[in-house]
Amino acid sequence: MKKVIATDKAPAAIGPYSQAIEVNGMVYTSGIIPVVPETGEIPEGSAAQAKQALTNLSNLLEAAGTSMDKIIKTTVFIKEMNDFGAINEVYQTFFSADFPARSCVEVARLPKDVLIEIEAIAEK
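Basically my numbering = 1-based index in the sequence shown + 48.
Right, dumping it as structure tokens:
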């Protein structure tokens, strides 16, 4: 049975989708963008946006009863591959155990014209 996961500590869905879904002990998140949930603001720069997106992801996983260290796979969408190094520096600080598998792709455009969007699959 699937369970919808939602929190006000991550950006609300801006379309017909859920922030995350839990099914059979696994949590599947939608793409998380770097919007500050309390204000709707978007930080400037790829490192600041990566930190906010990962903070939002961490908050969503916490609402689902899991954590960043339980992530199995992430997909990272970035607007500019030249930001890869700066994003990696921030990304690694959010994990204390073995890193999850990851794909990272450059895309032409992201919602609200942000520089990064991250989705994850985590075990409960």
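C-beta: ideal position from N, C-alpha, C; glycine also.
On the DSSP letters alone, give me the boundaries of the alpha helix (DSSP H) that residue i sits inside.
i	result
Ala-98	94–111
Tyr-139	132–140
When you compare the CB positions of residue i and residue j, do they come within less than 9 Å of one another, or not?
i	j	result
Asp-131	Ile-164	yes
Ile-135	Thr-77	no
Phe-142	Ser-94	no
Ala-68	Val-162	no
Along the chain, where does the beta strand (DSSP E) containing residue i start, and where does it finish?
i	result
Ile-126	119–126
Buried or exposed for residue i, please, with buried defined as at least 16 other CB atoms from any protein chain shown within 10 angstroms of its CB.
i	result
Ala-60	exposed
Ala-98	buried
Ile-120	exposed
When you compare each of the options to residue i by their alpha carbons, which one comes out closest?
i	options	result
Glu-86	Ala-111, Ala-58, Val-71, Cys-152	Ala-58
Arg-150	Arg-157, Leu-158, Ala-156, Gln-140	Gln-140
Ala-145	Asp-117, Phe-125, Glu-171, Glu-128	Asp-117
Ile-62	Ile-81, Asn-72, Met-74	Ile-81
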